[in-house]
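Asker: One structure follows; several queries about it will come next.
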Amino acid sequence: MFKKILILFSIIFFSATVYAQEKCNAISFSVSRGVNMTNDNPFYGLSMDYSRSIKNSNFSTGMALMWDEEKEPNRYVQNLTVAVTAGYKINDKWSIGSGIAKGFLNNENERRDYQFNNGDWSTGLTATYTLKVTPKHVVSLTSSLEYNITQQEYSLSFDLNYTLPW
């Protein structure tokens with residue numbers, strides 16, 4: 591069983607949360623770097639997200655697909671995870687949120703092939719700050735504190751997000 595499935599469940603989601611409010615829909619792409627605080631193993635990842643604002647409110651919902659790689663001294667594991675998220679837009683620069691994620695594919699086997707599995711459950715909290723916004727482009731930074739429910743491990747990640755609202 592891999593130890594770390596969630597690095598990005600709301601990374602791209604929160605960049606989308608900030609400006610999907612005006613446009614209703616958003617697709618986001620993110621890169622992430624972090625550390626598993628329980629065993630000090632570094633990880634990095636990529637993600638893609640779709641989010642939609644809830645009409646006439648500062649709330650939004652979304653779904654994300656994330657890939658990550660956790661490095662340990664004698665092995666590395668790559669994971670694919672899906673997440674459902676919810677967020678709240680505090681103002682034009684800040685947003686917060688949370689979600690739940692489930693791993694479903696990894697390469698933790700002798701041949702290093704991707705295989706479907708019953709991966710870990712994870713959750714977390716995020717805060718996002720928007721750096722640049724134009725009518726068609728959003729760039730933001732996210733900090734995420736995540737908790738792997740299955741492995742009972744904490745991690746911290748920092749992410750760079752690019753969002754296309756419509």
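Residues in the sequence shown are numbered consecutively from 591, following the working numbering. Positions of the beta carbon are idealized from the N, C-alpha and C atoms, including for glycine. Computed from a predicted model, the values in this text were never measured in an experiment.
Taking the beta strand (DSSP E) that Glu736 falls in, what are its first and last residues?
Answerer: For the purposes of this step, residue 736 is identified with residue 146 of the sequence shown, where counting begins at 1. Looking at the DSSP string, the run of the beta strand (DSSP E) that includes Glu736 is 727–738.
Asker: Taking the beta strand (DSSP E) that Met653 belongs to, which residues open and close that run?
Answerer: Within the sequence shown, numbered from 1, the residue matching residue 653 stands at position 63. According to the DSSP assignment, Met653 belongs to the beta strand (DSSP E) that extends over 649–662.
Asker: Does the Cβ of Lys679 have 16 or more other Cβ atoms within 10 Å, making it buried, or fewer, making it exposed?
Answerer: Indexing the sequence shown from 1 puts residue 679 at position 89. That one is buried.
Asker: Identify the continuous beta strand (DSSP E) that holds Lys722 and give its terminal residues.
Answerer: Counted from its first residue, the sequence shown places residue 722 at position 132. Its beta strand (DSSP E) spans residues 711–724.
Asker: Taking all protein chains shown into account, decide if Asn708 is buried (16 or more other Cβ within 10 angstroms of its Cβ) or exposed.
Answerer: Numbered from its first residue, the sequence shown carries residue 708 at position 118. Counting the other Cβ atoms within 10 Å of the Cβ of Asn708 gives fewer than 16, which makes it exposed.
Asker: Apart from the five residues just before and just after Ile644, which ones in its own chain have a Cβ nearer than 8 angstroms to its Cβ?
Answerer: The residue given as residue 644 occupies position 54 in the sequence shown. Correct list, in chain order: Ser650, Thr651.
Asker: Do you know whose CA, among Ser712, Ser647, His727, Tyr744, lies nearest Ser619's CA?
Answerer: Looking up residue 619 in the sequence shown gives position 29. Correcting the residue type first, residue 619 is Phe in the shown sequence and not Ser. The shortest Cα separation from Phe619 among Ser712, Ser647, His727, Tyr744 belongs to His727.
Asker: With a CB to CB cut of under 8 angstroms and the five nearest residues on each side skipped, what residues in its chain are close to Leu746?
Answerer: Numbered from 1 along the sequence shown, position 156 holds the residue referred to as residue 746. Within the same chain, Leu746 has close Cβ partners Gly624, Val625, Met627, Ser733, Ser734, Leu735, Glu736.
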